[in-house]
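Following: one structure in structure tokens, then a few remarks.
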Amino acid sequence: MPSFDLKNPVWRKRAAQAGGLIVVAGLAFALWPSPQPSKTNGRPGGPDGRPVAVTVAAAARRDMPIYLDAIGTVQAYNTVTVRSRVDGELVEVLFKEGQDVRAGDVLAQIDPRTYRAQYEQALATRDKDSAQLEAARRDLARYVSLGDRVSGQSVDTQRALVRQLEASVRADEASASNAKTMLSYTVIAAPIDGRTGMRLVDRGNIVRASDATGLVTLTQVQPISVVFTLPQQSLGAVNERLRQDGKLSVQALQPETRALADTGELELVDNQIDQTTGTIKLKAVMPNAERKLWPGGFVNVRLLLSVRKDGLVVPAQAVQRGPQGTYVFAVKEDRSVEMRSVKVTTVEAGQALLDDGLTEGDTVVVEGTAKLQPGSRISTGEKGAEGQGGEGKGGGQRKGRPDKQP
């Protein structure tokens, strides 16, 4: 066996390696954390074993509205393209673009001279035939008064002439009435209350009854319609409420700000379901007094289906979602929490309406759920709460902070 000699390079290298290993082992022993006693007494809490600071709230009962939400399109309640019913020169345009008009207001005038002449001609023909009829009736009366001195054939001929002239007079009256109607068409009036659009024909142009473009388009914006669609699964509930109440309230919200634009009533449920999309079309009518709704615009629609009386609600933040569905962290008497499955019917104004899983007064965790697991202890930062065995059954939300450690 070779002797140990530090002057030997081989032994010096081995001694250096052994010294390094001893130093590393010493540092590892010095830095290795010593085991700490558990502060949770077997009940999980926060990462450091302390109770988790949370905000809690109690389940309470209140009236809760149930809405059906949809996207709707605003449509004019009535739309009319104003056209000329006779041919002629447009001599006057009496409206301004964008003007509000009432039914019967004059919008334009067509040159009436030709139609006035035709009317006067029809009146003259009627008067001429009326004079002939009057003379024929007098002759018939004389023939009848003469008795046997006038042949029966002459009387019959005169009676036929009277009937012929009576028919001519009736035809003349019809012609005069038609000419008068055509003359009235030279004055173009608004058929409905509405707002004028852009002028489509200028003064001086020849307009015809066959023109497709018309003079102007009128749209009725007060009231106004909102058309929207719902899934066919909602049809049964909507029809049932209509049978019970006769009407349903509909809200229109601005899509950008969700601000309420107007409130109206459901007027129409379409008579068939769209088989392509599986939806049903509905129409609501709104007064639009402030004109916040405009034809062609999009709005968010909320149909008030019903109001749940004394429904059980909790803050919507308390409801969590997992692989098994929705649940909440319910606070037990020993200030620990448990996961409890719940059935959410709807969420409105930050409140969740529950059908199952909780009872009135049960306390749930609203904020701080990220650090919780079943059995975790909680703290709301209230003095004396540790010994009360829960958070109280009737309070609202309570803001929490970690309890102070001695």
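Numbers 24 to 429, taken from this note's numbering, label the letters of the sequence shown in order.
All residues carry an ideal CB built from backbone N, CA and C; glycine is no exception.
Would a C-beta distance cut-off of 9 angstroms place V324 and A93 closer than the cut-off? With contacts defined as CB atoms closer than 9 angstroms, V324 and A93 qualify as a contacting pair.
Mapping the DSSP letters down to three states, classify T299 as helix, strand or coil. Correct three-state label for T299: coil.
Could you pull the DSSP bridge partners for V224 from this structure? V224 has no beta-bridge partner at all, per DSSP.
Among the residues of its own chain, which have a CB less than 6 angstroms from the CB of R125, if the five just before and after it don't count? Contacts found: D216.
Quick one: what's F251 bridged to in DSSP? Residue pairing of F251 in beta bridges, as defined by DSSP: G95 and L305.
Can you tell which of P135, E143, Q187 and G175 has its C-alpha closest to the C-alpha of R160? With respect to the C-alpha of R160, the residue from P135, E143, Q187 and G175 having the closest C-alpha is Q187.
Beta-carbon proximity check, L241 vs S107, cutoff 9 angstroms: For the pair L241 and S107, the CB atoms are not nearer than the 9 angstroms cut-off.
Suppose contacts are defined by Cβ-Cβ distances below 9 angstroms. Is R222 in contact with E112 by that definition? Pairing R222 with E112 gives a Cβ-Cβ distance that is not under 9 angstroms.
Let me know the secondary structure DSSP gives S207 once reduced to three states. In the structure shown, S207 falls within a helical segment according to DSSP collapsed to helix, strand and coil.
Using the DSSP secondary-structure output, state which residues sit across from L326 in a beta bridge. BP columns for L326 point to L91 and V273.
Where does R218 sit, in a helix, a strand or coil, going by DSSP? Judged by DSSP in its simplified three-state form, R218 adopts strand.
Contact check, F251 vs A190, beta carbons under 9 angstroms: Against a cut-off of 9 angstroms, the Cβ pair of A190 and F251 comes out as no contact.
The beta strand (DSSP E) spanning E279 covers which residue range? Counting along the chain, E279 sits inside no beta strand (DSSP E), nor does DSSP assign it H or E at all.
Bridge-paired residues (DSSP) for Y350: According to DSSP, Y350 bridges with Q343 and S364.
Contact under 9 angstroms by Cβ, V97 with R226: Contact: no.
Here's the rule: buried if 16 or more other CB atoms are within 10 angstroms of the residue's CB, otherwise exposed. What is S174? Exposed is the call here.
Out of A131, K203, A375 and G348, state which residue places its alpha-carbon closest to the alpha-carbon of P88. Measuring from the Cα of P88, the nearest candidate turns out to be A375.
Suppose you measure from the CA of S200 to the CA of D152; what does that come to, to the nearest Å? Here the C-alpha atom of S200 lies approximately 16 angstroms from the C-alpha atom of D152.
CB V337 to CB A76, shorter than 9 angstroms? Result no, Cβ atoms of V337 and A76 do not sit closer than 9 angstroms.
Expressed to the nearest angstrom, what Euclidean distance is found between the alpha-carbon atoms of K304 and R231? Rounded to whole angstroms, the separation of the alpha carbons of R231 and K304 is 38 angstroms.
Selected residue, minimal CA-CA separation from G373, among T204, G348, A339 and T219: Checking every option, the nearest Cα to that of G373 belongs to A339.
Which of the three DSSP states, helix, strand or coil, is assigned to E263? In the three-state reduction of the DSSP assignment, E263 falls in the helix class, which pools H, G and I.
Residue of S233, D86 and Q122 minimising C-alpha distance to D110: With distances taken between Cα atoms, D110 lies closest to S233.
Residues in its own chain within less than 6 angstroms of T148 by CB, not counting five upstream and five downstream? So the qualifying residues of the chain are D195.
Does Q396 come out as helix, strand or coil in the three-state DSSP assignment? In this structure, DSSP gives Q396 a state outside helix and strand, which the three-state scheme calls coil.
Where Q132 and R139 are concerned, what is the direct C-alpha to C-alpha distance, given to the nearest angstrom? Distance between Q132 and R139, taken at the CA atoms: about 14 angstroms.
Using the three-state DSSP reduction, which class does T435 fall into: helix, strand or coil? Within the shown structure, residues of the chain are numbered from 24 to 429, placing residue 435 beyond reach of any answer.
What is the DSSP secondary structure of T148, reduced to helix, strand or coil? Residue state, collapsed to three classes: helix.
Could you tell me if N311 is buried or exposed, where buried requires 16 or more neighbouring beta carbons within 10 angstroms of its beta carbon? So N311 ends up on the buried side.
Anyone know if the C-beta pair for D123 and T219 falls short of 9 angstroms? Yes; because the gap between Cβ atoms is below 9 angstroms, this pair is in contact.
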